[in-house]
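Structure first, then comments.
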Amino acid sequence: MSRFSWLTEIKAKNRTLTGFWAVFYSCAAIFMAAWYMYTSGFGIVSTETNRGFYLLFTSVLVYLIFPASRWAPKDRPSVYDIICVVLVSISIGYWIDQYMDYAIFRVTTPNKWDLIMGIIAITMILETARRALGPIMMILAIIFLAQIYFGPYLPGKLSHAGMPPDRIIEFTFNTQEAMFGVITATFATFVFPFMVFGAFLERSGAGTFFMDLAKALTGKWRGGPAKIAIVTSALFGSISGSSVANVVATGTFTIPMMKRIGFRPKIAGAIEAIASTGGQFMPPIMGAGVFILATLIEVSYLKIALINVIPALIYFIFVIMMVDLEALRSGLKGLPSEEIPRISKVLKNGWHFFLPIVIVLGLLFYGFSPEVGAFWGTVSAFLLSWRRKDTRMKTRDVMMALRSGASANNSAGAAIGALGIIIGGIVLSGLGLKFSAILVEAAGGKLLLCVVMVMIISIIIGMGSSTTGSYIILSVVAAPALIQLGVVPVAAHLVVFYAACLSNIT
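Residue numbers (my numbering): 1 to 506.
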């Protein structure tokens, strides 16, 4: 196999890129990851560059790796894909270049090109969401855009004065309140560097270490492989913060193990799903929604992480209890002793994988920003990989880790622009406060009933949205209702975040 095969072939779920397009994708992904790691550690860039580059590179990577339809080529981007790459590059490049001129000279009076580029950019961002996440997120964004215009025709408390199309386009595209708003800023500044950090840790061998540690701790217990899945998901979730990444990284090994000792396939899959879901609120690195939560309520990320320790432990303890009862009912035993590594040997070989996490926590504790913690955590993961010959990260490994970090962002990042459009629609029409009032009224002012209603809404939204998408929508339309009923803001947003995490299972 060629030394550069990793560069000339990229396999994804729906498309395998080869040759020039694989190299192009790799270069774009590596540049994106390297750029944001540099800005996390050293660089100071303008707000518009930081936010604009994030949506631009995310969209380009999505167009290259996600086919537009099932009839599109599976080994290369189509002409339509290339057109989308060009259009999103031109429109967002225009926004980056013209934002300061607009902010100083053209506020509320956009010119013809502002509106044309706005229409193109909004269309391209909706297409990005459709490709990576399916039609639901795109449809939601279109509905929230449409309700701004059709406000006078909406029923009851949802009605409002409405806005003309040019004002809608201007607010959505030209300002930093919608598509390029706080959601995009949070992902570009905080979330993405942690995705790269997680990719470096995994590439350095931390994933294997966590799996071996889970085997050593729980492999001999009743229903051992299921408990291995839970512990591994908790450990891996503490650095990835993604239920999908958890399932891919751990389920590949744990589900076959569970089936081998007698768990029914659907039970094995369910155990992995609920274990990986819990990884999103397992400190220190939780789901992307927590970074947005901390930004929205202006509470430090470290404080949110500390608050989540007890709920996360309770969650995983009860999952282990459930698995133990299922294993007892089915008469299932643990793994054979010869398959279980000695814990002393596991810790001797891999104790250093905890150090990057400790470094991140230490920096957060001493008041450094999360992106600085992610940067130095990534650097330490690379340096510590050289402790052992078999885990040393060479140039190829570094490049692959950078590409993996950027690729891990594709699905989550594809939703961000569309979510910004949704938030912009809610803010511009005042729908958030109105919906909260409707929710409180429907619950009869009873807190418990309101929480149940929030859970139900979350499950419905979660059927077609990611955890981050569900949380962002609920944080605007549901969290204010809980706060209105006397819940402190951090608790209200955490309830909404937990509901959004659990909506993954639907």
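Note that CB positions come from ideal geometry on N, CA and C, so glycine has one too.
Residue i by DSSP, collapsed to three states: which one?
| i | result |
| --- | --- |
| L17 | strand |
| I142 | helix |
| T10 | Sequence check: residue 10 is Ile here, not Thr. Here I10 sits in strand by DSSP. |
| M455 | helix |
| N111 | coil |
| W95 | helix |
| E371 | helix |
| P67 | coil |
| K220 | coil |
| M1 | Only weak support exists for where M1 lies, its pLDDT of 47 falling under 50; the value from the coordinates is given anyway. Here M1 sits in coil by DSSP. |
| C84 | helix |
| L485 | coil |
| H493 | helix |
| M282 | coil |
| Y149 | helix |
| M163 | coil |
| G315 | Reading off the sequence shown, one finds Tyr at residue 315, where the question assumed Gly. DSSP places Y315 in helix when its eight states are reduced to three. |
| M507 | With the chain running from 1 to 506 in the structure shown, residue 507 is simply not present. |
| S78 | coil |
| S300 | coil |
| A499 | helix |
| P155 | coil |
| Y25 | helix |
| A72 | coil |
| Y36 | helix |
| Y102 | helix |
| T378 | helix |
| F236 | helix |
| G134 | coil |
| E177 | coil |
| R511 | Only positions 1 to 506 of the chain appear in the structure, and residue 511 is not among them; the question remains open. |
| G287 | coil |
| G262 | coil |
Of the residues the options, which one's Cα is nearest the Cα of residue i?
| i | options | result |
| --- | --- | --- |
| L158 | S411, L133, I426 and K11 | I426 |
| I255 | G279, P284, V309 and G224 | G224 |
| A206 | L17, T391, G289 and M138 | T391 |
| A305 | A288, I317, V319 and I320 | A288 |
| N14 | Y149, S465, L217 and A132 | A132 |
| Y25 | K74, L7 and F435 | L7 |
| Y99 | T189, M322, T47 and F382 | T47 |
| P67 | V23, E127 and V488 | E127 |
| L494 | V452, V290 and F382 | V290 |
| I92 | W71, A245, I274 and M117 | M117 |
| L355 | E338, R342, G377 and G367 | G377 |
| M20 | T232, R76, N50 and T58 | Here residue 20 is Phe; the residue named in the question, Met, does not match the sequence. Residue R76 is the option with its Cα nearest to F20. |
| G417 | L140, V244 and T109 | L140 |
| I274 | I505, T39, Y38 and P152 | I505 |
| I357 | P283, R329, M321 and S59 | P283 |
| S59 | S436, C501 and I90 | I90 |
| K220 | S337, T18 and L419 | S337 |
| L448 | I423, I422 and I483 | I483 |
| M322 | E272, N308 and I307 | E272 |
| I472 | V107, L201, W386 and I423 | I423 |
| V488 | M37, F353 and V299 | V299 |
| R106 | R167, G156 and F318 | R167 |
| I459 | C501, S436 and V319 | C501 |
| F281 | T250, N246 and K266 | N246 |
Please look up how many angstroms separate the CB atoms of residue i and residue j, rounded, as I've assumed it's under 8 Å.
| i | j | result |
| --- | --- | --- |
| R222 | G334 | 6 Å |
| T184 | L55 | 6 Å |
| G279 | A229 | Contact flag wrong, Cβ pair sits at about 11 Å. |
| F180 | G52 | 7 Å |
| Y301 | A294 | 5 Å |
| A414 | A129 | 5 Å |
| L439 | A481 | 4 Å |
| G162 | I148 | 7 Å |
| A214 | T232 | 4 Å |
Item to check | Cβ contact check for the region 162 to 177 and the region 116 to 124: 3 or more pairs under 8 Å | outcome: yes
Checklist entry - Which ranges would you report for the alpha helix (DSSP H) in the region 399 to 480 if only whole runs of at least 4 residues count? => result 431 to 442, 447 to 462 and 467 to 477
Checklist entry - What are the uninterrupted segments assigned as alpha helix (DSSP H) that are 4 or more residues long and contained completely in the region 331 to 361, given in chain order? => result 343 to 350
Checklist entry - Whole alpha helix (DSSP H) runs in the region 180 to 226 with 4 or more residues, listed along the chain? => result 182 to 186, 192 to 203 and 206 to 218
Next on the checklist: Would you call the region 180 to 193 in contact with the region 365 to 380, where contact means no fewer than 3 C-beta pairs closer than 8 Å?
Outcome noted: yes
Checklist entry - So does the region 330 to 347 actually touch the region 209 to 219, counting three or more Cβ pairs closer than 8 Å? => result yes
Item to check | Length-filtered (4 minimum) alpha helix (DSSP H) runs lying within the region 40 to 66 | outcome: 47 to 65
Checklist entry - How do the region 497 to 504 and the region 463 to 479 stand: do at least 3 beta-carbon pairs fall below 8 Å, yes or no? => result yes
Next on the checklist: Would you call the region 403 to 417 in contact with the region 24 to 42, where contact means no fewer than 3 C-beta pairs closer than 8 Å?
Outcome noted: yes
Checklist entry - Would you say the region 428 to 443 touches the region 472 to 480, given that touching needs at least three Cβ pairs under 8 Å? => result yes
Next on the checklist: Within 8 Å, do at least three Cβ pairs link the region 78 to 92 to the region 58 to 67?
Outcome noted: yes
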